[in-house]
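Numbering (the UniProt record's numbering), first residue to last: 1 to 191. Using N, Cα and C, we set each Cβ at its ideal position, and we do this for glycine too.
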Amino acid sequence: PGALPQPLTGMSVARQFLRVTKQYLPHVARLCLISTFLEDGVRMWFQWGEQRDYIDSTWGCGYLVASTFVLLNLLGQLTGCILVLSRNFVQHACFGLFGIIALQTIAYSILWDLKFLMRNLALGGGLLLLLAESRSEGKSMFAGVPTMRESSPKQYMQLGGRVLLVLMFMTLLHFDASFFSVSPARLAPAL
């Protein structure tokens, strides 16, 4: 008689899942970190006129300057995304995307809107994580696992990136303490 199969444990299922998906996870992670830039670039393509008109009316800069701004924004975001996903010139792409964040912060007056400012800081955090990953490739056989001898600039970039990414989730919190917002929150656990 043959040996009976061992029951699957949570750890064995996790190990099997990681073994199968290990080669795809870094690509999926990069896609998630730049997905906002990718979506924004594609949206600018389809809403070219609206974006151009908004910049023109907000800044009074004229049709040509507004069109140039939208084109620079669109090409900067899509080119940066392509470079990050293809793992070519990742550091240059990240710095270009940092520039896009700064440009949009000024052009769309995001600096005075706390929710959008926190989201932009979170985007910067994602870019910091991409920069840290690109600087560490090929230097350690345990990618992503911290070691005692690891360089501190990379660790600080990862820490900063992770802290800034938390800001994205903080924008989802609602700090409204009215009767109508607090009552459902207290009633939900009872249900």
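In the structure shown, the three-state DSSP call for glycine 126 is helix. Note that the C-beta distance between lysine 154 and alanine 122 is not below 8 Å.
Apart from the 5 residues on each side of it in sequence, serine 109 sits with its Cβ closer than 8 Å to the Cβ of Thr58 in its chain, given in chain order. As for any alpha helix (DSSP H) of minimum length 4 sitting wholly inside the region 54-125, the runs are 63-86, 90-107, ordered along the chain. By the neighbour-count definition (other C-beta atoms within 10 Å, threshold 16), cysteine 94 is a buried residue. Per DSSP, reduced to three states, the secondary structure at lysine 154 is helical. The Cβ atoms of phenylalanine 46 and glutamine 77 do not sit closer than 8 Å to each other. For valine 90, the number of other beta carbons within 10 angstroms of its own is at least 16, and it is reported as buried. By the Cβ-count criterion, isoleucine 34 is buried, with 16 or more other Cβ atoms from all chains shown falling within 10 Å of its own Cβ.
Distance from the Cα of arginine 87 is smallest, within the candidate group Arg43, Ser134, Arg162, Phe116, for Ser134. The Cβ atoms of leucine 85 and leucine 31 sit closer than 8 Å to each other. Between glycine 124 and leucine 164, the C-beta spacing is below 8 Å. Within its own chain, the residues whose Cβ lies closer than 6 Å to the Cβ of leucine 167, once the five positions on either side in sequence are excluded, are Met118, Leu121, Ala122, listed in chain order.
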